[in-house]
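Quick note on my numbering: the sequence shown kicks off at 19 and runs consecutively.
Taking it in order: structure first as structure tokens, then the write-up.
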Amino acid sequence: MRSQIVLLAAALSLGTARAQEVVVAEDDAPKMEKMSVRFAAPQRLKAGGKYVRTEEPGWAAPCWHDVNRDGKKDLAVGQFADGKIQICLAEKDGSLGAGTWLEADGDVAEVPGVW
């Protein structure tokens, strides 16, 4: 199955669920197709009963990954500031536990080269 490259052709409107135009192209084909999509309103995630927050300047890269290999997808949020990664482990009831910083050798791990 070929992967697709999706380029947003219009700025996303935060807080609304209005239609947007996107451009879609196969990664090895020059042909592009325009299509209209609808984005759902953004949802704030809670972990440990509190909203997941990022440090200044607030840019984050969230993804789902089974960090502790228990068969449940945990939330990993990469922080732009200092290159740290916050981990919210999935609980048995489907909720997320409070976030903790990813550690290496007992210290908070940092991705080098990040602002």
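Heads up, the beta-carbon is just placed ideally off N, CA and C, and yes, glycines get one too.
Because the structure is a prediction, the values reported are computed rather than measured.
Bridge partners for residue i per DSSP, in chain order?
i      : result
LYS68  : ALA65
PRO80  : VAL95
VAL126 : GLU121
ALA108 : LEU114
ARG87  : Bridge partners of ARG87: none, in fact.
Let me know the secondary structure DSSP gives residue i once reduced to three states.
i      : result
ALA94  : strand
ALA18  : This structure leaves residue 18 out entirely; the chain is present only between 19 and 133.
ALA116 : coil
VAL24  : Residue placement at VAL24 cannot be trusted, given a pLDDT of 40 that sits under 50; what the coordinates show is reported in the next sentence. Strand at VAL24.
Work out the CA separation of residue j and residue i for me, nearest whole Å.
i      : j      : result
GLY101 : LEU107 : 19 Å
GLY115 : ASN86  : 13 Å
SER113 : ILE103 : 19 Å
ARG56  : LEU63  : 21 Å
ALA94  : GLU109 : 14 Å
GLY96  : GLU121 : 13 Å
GLY117 : TRP82  : 14 Å
LEU69  : ASP92  : One detail in the question is off: residue 69 reads as Tyr in this sequence, not Leu. Looking at the two C-alpha atoms, the distance is approximately 15 Å.
Is it right to say residue i is buried, meaning 16 or more other beta carbons lie within 10 angstroms of its own, or is it exposed?
i      : result
ALA29  : Low local confidence applies: a pLDDT of 36 at ALA29 is under 50, so the model's placement there is unreliable, and no value is given.
ALA79  : exposed
VAL129 : exposed
ALA127 : exposed
ALA58  : exposed
ASP61  : The residue you asked about is not Asp; residue 61 is Gln in the sequence shown. Flag for GLN61 reads exposed.
ASP123 : exposed
ALA27  : Legend: pLDDT at ALA27 = 34, less than 50; position of this residue unreliable, value from coordinates given subsequently. Classification of ALA27: exposed, given that the 10 Å Cβ count is below 16.
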